[in-house]
Structure formats: C-alpha cells, structure tokens
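Undergrad:
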Amino acid sequence: MQALRGVRARVASIRQVSRTVFARGSSFRWTLSALVWLPLAIFVTEYGMNVKVIPALNPDDSASKDIAVFDSFSIRFAQSYNRGDIVALQSPSDSKRIVKRIVALEGDIVSARTIRYCV
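Its first residue numbered 1, the sequence shown is counted upward by one per residue in UniProt numbering.
#1: CA-CA distance, Thr45 and Arg113?
#2: Check Ser91 in the structure and name its three-state DSSP category.
#3: Using only the alpha-carbon positions, how far apart do Gly84 and Ser27 sit?
#4: Less than 8 Å between the CB atoms is what I'm expecting for Arg97 and Ala104, so what's the real figure, rounded?
#5: Relative to the C-alpha of Lys100, which residue among Asp94, Ile86, Asp108, Ser93 is closest?
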C-alpha cells in the first residue's frame, strides 16, 4: 500500500510539473511547435503539379492538385537517381522550378519516333 501511495505521489507531481510548464505562456508552446515542425520545414522545399507526372502523383482522372514533398537534403549525400524518379530542377530559361520524371540514365539510348538520342 505504501508503494502505491509513492507511485500516486510521483504521478501527481509529474502532472503538476507538466501543468506548470504548459501554463507558463505561449513561448513554450511556440517553441515546442517549432521543434515539431522544423524537420518538415527543412525537407519540404516546394509543392506543385505537372501534367506529365500525373500517373505517379495523381493516378485517377480528377483535377485535384497533389502536393509533392521533395527531400532536397538527403539527395545531396546519396547522389543516386533511378529511372522513374520525379525530380525538381531549376529551369535554364527562367527562374522557375520544373518537375520532371527521369526516363533514362547515363548510357541509355532513348528513341523518340525516328530520332535516336544517346544519353
């Protein structure tokens, strides 16, 4: 019975501490919120939709827009792209970002109608 009272006392003190910490104001809640959302903010750089990537992002025929999350952090270390991956690039003609699917890798031969390209 004595051990049960000790456990209840510890639980009550933990509850009191948590109430005190959360009641101190919005600064703690703001900090906690920032810590929760910070990893997402680091990895998410943009969102968008392109008609050519609809089969991968939006497989049905609806016109609703999908949000694509691009991980720009880990690709800097991995440096591995696979056929079928969807990537975001800086457009060479203007400052917009474009979203494309990788259809060929180095060494692949791509033929479009009657013209053949070597990548």
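All C-beta atoms in this analysis are idealised placements derived from N, C-alpha and C, irrespective of residue type, glycine included.
TA: The structure says:
#1: Sequence index remark: in the sequence shown, residue 45 carries index 45 (1-based). Sequence index remark: in the sequence shown, residue 113 carries index 113 (1-based). For Thr45, the pLDDT reaches just 49, beneath the cut-off of 50, and the residue's location in the model is therefore unreliable, although a value from the coordinates is still provided. Cα-Cα distance, rounded: 36 Å.
#2: Position 91 of the sequence shown, counted from the start, is the residue given in the question as residue 91. Residue state, collapsed to three classes: coil.
#3: Here residue 84 corresponds to residue number 84 of the sequence shown, with the count starting at 1. Here residue 27 corresponds to residue number 27 of the sequence shown, with the count starting at 1. Going by the C-alpha atoms only, they are around 45 Å apart.
#4: Stepping through the sequence shown from its first residue, residue 97 is reached at position 97. Stepping through the sequence shown from its first residue, residue 104 is reached at position 104. Wrong, their Cβ atoms sit about 21 Å apart, outside the cutoff.
#5: By one-based count along the sequence shown, residue 100 stands at place 100. Scanning Asp94, Ile86, Asp108, Ser93 for the CA closest to the CA of Lys100 turns up Ile86.
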